[in-house]
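Undergrad: I have a structure here, written as structure tokens, and I will follow up with some questions on it.
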Amino acid sequence: MNTMTEQVLTRYPGAGRDKLIPILQEVQETDGYISKEAVALIGRHLGVPASKIYGVATFYNQFRFTPKGKYHIMVCRGTACHVKGSADILERIERALKIKAGETSRDGLFSIEVVACIGACGLAPVICVNGEYHGKLTGDAVEKIVKSYQEREAAHGN
Amino acid sequence: MEQMRANGSAISFEQGETVLSALKRAGIRVPTLCHIECLPPVGACRICVVEDTATGQLIPSCSFPAAPGLSVATHSVKALRARKTIVELLLANHPDDCLYCDRNLTCDLQKLAEELGVRQRRITGERIAQFVDNSSPAIMRDPEKCILCGKCVRTCEEIQGVSALDFSGRGSKSRISTAFDRSLNLSTCVACGQCVMACPTGALTERSSLREVLNALQDPKKTVVIQHAPAISVSLAEEFGLPAGSDIMGLMTAALKKIGFTAVFDTSFSADLTIMEEATELVERVKGGGVLPMITSCSPAWIKFAETFYPTVLPHLSTCKSPQQMLGAVIRHYWADTQGLDKKAVYSVSAMPCTAKKFEAEREEMLVKGAPDIDAVLTTRELAKLIRMYSIDLGKLEPVACDLPFGERSSAGKLFGASGGVMEAAIRTAHYLITGRELENLVVAAVRDGEGLRETTLTLGGLTLKAAVVSGLGSARKVLDEVAAGKSPYHFIEIMSCPGGCINGGGQPRGLDRDNVKKRLAALYAIDAAATLRVSHKNRAVADLYGKFLGKPGGHLSHELLHTTYQARTDLL
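Pasting the structure below:
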């Protein structure tokens, strides 16, 4: 049914609930997100109810429940970025794309993820789109960046 | 017994007991919110803090072990102030709509706020707007009223073994949710309502059918009838401040007549009918090499549990409908004719100690010729509301008997209200059907009064039957694993979803007070002990129904009206 998840699970024969988080991490790595089907399969493998797995997965920021967009935007919310106004940056991106952190736009183009620290504090506030870093941002600048990706996509579409 | 001190006096405790438990026995009440008596303590809400007089520290009495030399003050200024602050913090993001809440005047949080003298909103917290989940036919969930005590989560997981709910998110975004925040009807919820019993606020309630019933009562084109379950007459009294275990059968019937129900029937009658069908089915299965063990099918949350978690066990379920549905079918397809009424003009209400009965009544399998057996289900709590709504003073009524022909019952049918009751009634009748003689001692003590699994072996003529009784879905899992593996030693198993059976059903007076449940149980056994008609097969009204309408147990018409089918569901999302 979900062969990627099943492959991950074959690496954990006879595992108990203590292996839940490593399995979730591996599944997210291979699938890009935690699907409902994956949760059901993991639940059967470990003997843990789906509601519990969802509870654990939602406790951590690292797990997402929708596939990543074509452009995956990581917004740094570490201390330095926070001091430099990353809350505002995040809000501007969310508003521009009409999605919240952890979600993916309906057209599948954009997704937002909040990360604790990207390790580029010198560039604070910083975001990273598909591995491309954009630093020392302002609210207006970040809107322009989002727009540039949207335009790039529109040009490709033509 | 060892000794500790509370409020200056010595109190005794047993090794391993918590401070709260010792205090309770000594008659000292300390409020709790997250505590569930039969489960290990979690100490999450801290409302039960008491002051350790030696150190001045506050300790959570629900999880702190009683020890010799320990001395606590339960209502010191410090303890009271802490409790009040906790309530104020809980209220910081709680809606202020008590007047419009289902739990107004019965809410634990409201009661605590009143007791502790909270008179102003001192702390204001950020509120997150959330939708009310009214997707389930049985249970409503209003997350804004949730105080995250976790009782529903623990009841669902640790008592019922269902785990439809859990905590999700973190910090201020913590919430109770199903997997993937799906609505309850799409979750593995079996609608048993034990979470509703546990909930201290209005976050979990039954989905009320009062409005539909009131409308029907006012509709001149409808003939409204009601049936009430065996457990109701020994539970309803508590909603009116009478002692637990009072049997108010006659008064309740009188009240229902006064409200305007054309006929008041007793579901215990159709419990007798169920026994005739189910005992016949069991004997057929045993003699004809059918699927064994056979498992009872009266408890609709158990049915959904089996369909969801044990689909391979479904052939083991008796095909008998529950007494509620049987009586509903007979009312619509037989009684309506005898009264010269149009089948569809009869509005059939049932009063049940159960939330899952609402789900059962709406099952598509329960449609006969396009008409549902039951139109609306009221819980014990809703029934009490209805009686209050009509301003009826129970104390001023004269008891009356239920209406015939579905008012006559054996006390075996009445025992359906308790765990073990269906088995006891079935054994009484199966003994007669197979041997032609009555049991010498009608009381089957081996299946009575106990938690968890009880079993007994019967010799009926040349047959040896092994029977088991279990209540609480969590406890049922072990028995079911055996059945699924083909290793069950039993011929007949009774499963009721709620611990103790319907007397502790999810539609009963709120709270998890096991003492009250024991009193309801004692009341049922007292009714049985005092009864003259104690076996289902001697219920003349049932025999009459077979003679005039149904034919014979397990016959063609029985199968059309009184039996049903099940559907495998999935716990996959």
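Protein chains in written order, with our numbering: chain A, 1 to 158; chain B, 1 to 573.
Think of the CB as a built atom: it goes at the ideal place given N, C-alpha and C, for glycine as much as any other residue.
Because the structure is a prediction, the values reported are computed rather than measured.
#1: Could you check which residue in B:D337, B:P293, B:Q324, B:K78 has the C-alpha nearest to that of S591 (chain B)?
#2: Output yes if chain B places a C-beta closer than 8 angstroms to the C-beta of F50 (chain A); else output no.
#3: Please compile the residues from chain A whose C-beta is within a distance smaller than 9 angstroms of the C-beta of R170 (chain B).
#4: Run through DSSP, which three-state label would P143 (chain B) get?
#5: Run the CB neighbour count on Y54 (chain A), radius 10 Å, all protein chains shown included, and call it buried at 16 or more, exposed below.
#6: Can you name the residues of chain A whose CB is closer than 8 angstroms to the CB of L473 (chain B)?
#7: Between the Cα of M352 (chain B) and the Cα atoms of B:R332, B:H316, B:C298, B:A430, which residue gives the shortest distance?
#8: Can you tell me which of the three DSSP states S411 (chain B) falls into?
#9: Taking 8 angstroms as the threshold (C-beta atoms), are G193 (chain B) and K145 (chain B) in contact?
#10: Any beta carbon from chain A within less than 8 angstroms of L165 (chain B)'s own beta carbon?
#11: Within 10 Å of its beta-carbon, does I123 (chain B) have 16 or more other beta-carbons around it, so buried, or fewer, so exposed?
#12: If you compare alpha carbons, which of B:R448, B:G461, B:E212, B:V330 is closest to D375 (chain B)?
#13: Would L184 (chain B) and D133 (chain B) be called neighbours here (beta carbons separated by less than 8 angstroms)?
#14: Is there contact between the segment 240-254 of chain B and the segment 288-305 of chain B, where contact requires at least three CB pairs shorter than 8 angstroms?
#15: So T32 (chain B) and A66 (chain B) are supposed to be a Cβ contact under 8 angstroms. How far apart are they, rounded?
#16: Using the beta-carbon of each residue, which ones in chain A are nearer than 7 angstroms to T574 (chain B)?
#17: Name, please, each residue of chain A whose Cβ falls closer than 9 angstroms to the Cβ of A529 (chain B).
#18: Would you check if the segment 460-474 of chain B and the segment 557-565 of chain B touch, i.e. whether three or more CB-CB distances between them fall below 8 angstroms?
#19: Counting only Cβ pairs nearer than 9 angstroms, list the residues of chain B close to F110 (chain A).
#20: Since C128 (chain A) and I112 (chain A) are thought to touch, with beta carbons under 8 angstroms apart, how far apart are those beta carbons, to the nearest angstrom?
#21: Would you mind stating whether D544 (chain B) and P405 (chain B) have Cβ atoms separated by less than 8 angstroms?
#22: Express the C-alpha separation of C199 (chain B) and S163 (chain B) in angstroms, rounding to a whole number.
#23: Going along chain A, which residues have a C-beta under 9 angstroms from T178 (chain B)?
#24: Do you know offhand how far C98 (chain B)'s Cα is from Q110 (chain B)'s?
#25: Looking at C-alpha atoms only, which residue of B:R5, B:C62, B:G56, B:A54 is the closest neighbour of P41 (chain B)?
#26: Taking DSSP as the reference, what is the three-state secondary structure of I159 (chain B)?
#27: Specify whether the segment 503-517 of chain B and the segment 334-343 of chain B touch according to this definition: at least 3 beta carbon pairs, one from each stretch, less than 8 angstroms apart.
#28: Terminal residues of the continuous alpha helix (DSSP H) containing V479 (chain B)?
#29: Please name the residue in B:E482, B:E398, B:G501, B:T74 whose C-alpha comes closest to that of L251 (chain B).
#30: Run the CB neighbour count on D403 (chain B), radius 10 Å, all protein chains shown included, and call it buried at 16 or more, exposed below.
#31: List the residues of chain B whose Cβ lies closer than 7 angstroms to the Cβ of V27 (chain A), in chain order.
#32: Looking at chain B, is there any beta carbon in it that lies within less than 8 angstroms of the beta carbon of V39 (chain A)?
#33: Which runs of the beta strand (DSSP E), 3 residues or longer, sit entirely within the segment 47-124 of chain B?
#34: Using a threshold of 8 angstroms, state whether the C-beta atoms of G69 (chain A) and T104 (chain A) are closer than that.
#35: Who are the near neighbours of S419 (chain B) in its chain, counting only those whose CB is closer than 7 angstroms to its CB and skipping five residues on each side?
#36: Decide yes or no for the touch test of the segment 147-163 of chain B against the segment 474-488 of chain B: beta carbon pairs closer than 8 angstroms, at least 3 of them.
TA: Looking at the atomic coordinates:
#1: Since the first residue of chain B shown is 1 and the last is 573, residue 591 (chain B) is not available in this structure.
#2: Position 50 of the first sequence, counting from 1, holds the residue named residue 50 (chain A). Before going on, a small fix: residue 50 (chain A) reads as Ala here, not Phe. It does; some Cβ of chain B falls within 8 angstroms.
#3: Within the second sequence, the letter at position 170 stands for residue 170 (chain B). Going along chain A in sequence order, the residues near R170 (chain B) (Cβ under 9 angstroms) are T58, F59, Y60, N61.
#4: Residue numbering aside, residue 143 (chain B) sits at position 143 when the second sequence is read from its first letter. The three-state reading of DSSP puts P143 (chain B) in helix, counting H, G and I together.
#5: For the purposes of this step, residue 54 (chain A) is taken as the residue at position 54 of the first sequence. Counting Cβ neighbours within 10 Å, Y54 (chain A) comes out buried, since at least 16 surround it.
#6: Here the question's residue 473 (chain B) lines up with position 473 in the second sequence. Those within 8 angstroms of L473 (chain B) in chain A number zero; the least Cβ separation is about 13 angstroms.
#7: Reading the second sequence from its first residue, position 352 is the one you call residue 352 (chain B). If we check each option's Cα against that of M352 (chain B), B:C298 comes out closest.
#8: Position 411 of the second sequence, counted from the start, is the residue given in the question as residue 411 (chain B). If DSSP states are grouped into helix, strand and coil, S411 (chain B) belongs with the helices.
#9: Your numbering for residue 145 (chain B) matches position 145 in the second sequence. Your numbering for residue 193 (chain B) matches position 193 in the second sequence. No. Outside cutoff.
#10: Counting from 1 along the second sequence, the entry for residue 165 (chain B) is found at position 165. It does; some Cβ of chain A falls within 8 angstroms.
#11: Counted from its first residue, the second sequence places residue 123 (chain B) at position 123. Classified as exposed, I123 (chain B) has fewer than 16 neighbouring CB atoms from the shown chains inside 10 Å of its CB.
#12: If you number the second sequence from 1, residue 375 (chain B) lands on position 375. The shortest Cα separation from D375 (chain B) among B:R448, B:G461, B:E212, B:V330 belongs to B:E212.
#13: Reading the second sequence from its first residue, position 184 is the one you call residue 184 (chain B). Reading the second sequence from its first residue, position 133 is the one you call residue 133 (chain B). Against a cut-off of 8 angstroms, the Cβ pair of D133 (chain B) and L184 (chain B) comes out as a contact.
#14: no
#15: By one-based count along the second sequence, residue 32 (chain B) stands at place 32. By one-based count along the second sequence, residue 66 (chain B) stands at place 66. Contact flag wrong, Cβ pair sits at about 16 angstroms.
#16: Only positions 1 to 573 of chain B appear in this structure, which leaves residue 574 (chain B) out of reach.
#17: For the purposes of this step, residue 529 (chain B) is taken as the residue at position 529 of the second sequence. The premise fails here: A529 (chain B) is roughly 43 angstroms from chain A at the closest Cβ pair, so nothing lies under 9 angstroms.
#18: Segments in contact, no.
#19: For the purposes of this step, residue 110 (chain A) is taken as the residue at position 110 of the first sequence. Here the premise fails: no neighbours, minimum Cβ distance about 22 angstroms.
#20: Numbered from its first residue, the first sequence carries residue 128 (chain A) at position 128. Numbered from its first residue, the first sequence carries residue 112 (chain A) at position 112. Taking a contact as a CB-CB distance under 8 angstroms, the pair C128 (chain A) and I112 (chain A) does not count as one, their CB atoms being some 11 angstroms apart.
#21: Taking the second sequence and counting its residues from 1, one reaches residue 544 (chain B) at position 544. Taking the second sequence and counting its residues from 1, one reaches residue 405 (chain B) at position 405. A contact, by the Cβ cut-off of 8 angstroms.
#22: Locating residue 163 (chain B) in the second sequence gives position 163, where the first residue counts as 1. Locating residue 199 (chain B) in the second sequence gives position 199, where the first residue counts as 1. In a straight line, the C-alpha of S163 (chain B) is about 16 angstroms away from that of C199 (chain B).
#23: On the second sequence, position 178 is the one that residue 178 (chain B) refers to. In chain order: A50, S51, Y54.
#24: Mapped onto the second sequence, residue 98 (chain B) falls at position 98. Mapped onto the second sequence, residue 110 (chain B) falls at position 110. So the two alpha carbons sit approximately 8 angstroms from each other.
#25: As a first step, residue 41 (chain B) must be located in the second sequence, where it is residue number 41. Closest by alpha carbon: B:C62.
#26: Against the second sequence, residue 159 (chain B) aligns to sequence position 159. Helix at I159 (chain B).
#27: Because the criterion of three Cβ pairs below 8 angstroms is not met, the segment 503-517 of chain B and the segment 334-343 of chain B do not touch.
#28: In the second sequence, counting from the first residue as 1, residue 479 (chain B) sits at position 479. V479 (chain B) -> alpha helix (DSSP H) spans 473-484.
#29: Start at 1 with the first residue of the second sequence, and residue 251 (chain B) comes out as number 251. Among B:E482, B:E398, B:G501, B:T74, the Cα nearest to that of L251 (chain B) is on B:E398.
#30: The sequence position of residue 403 (chain B) within the second sequence is 403, counting from 1. It is buried - the Cβ of D403 (chain B) has at least 16 other Cβ atoms within 10 Å.
#31: On the first sequence, residue 27 (chain A) is found 27 positions in, with the first residue counted as 1. Per Cβ cutoff of 7 angstroms: no residues; V27 (chain A) is ~15 angstroms from chain B at best.
#32: Within the first sequence, numbered from 1, the residue matching residue 39 (chain A) stands at position 39. V39 (chain A) counts as touching chain B.
#33: 49-52, 58-60, 71-73
#34: For the purposes of this step, residue 69 (chain A) is taken as residue 69 along the first sequence, with counting starting at 1. For the purposes of this step, residue 104 (chain A) is taken as residue 104 along the first sequence, with counting starting at 1. Their beta carbons are under 8 angstroms apart, which means G69 (chain A) touches T104 (chain A) by this criterion.
#35: To locate residue 419 (chain B), count along the second sequence from 1; it is residue 419. Within the same chain, S419 (chain B) has close Cβ partners V469, S471, M496, G500, G501.
#36: yes
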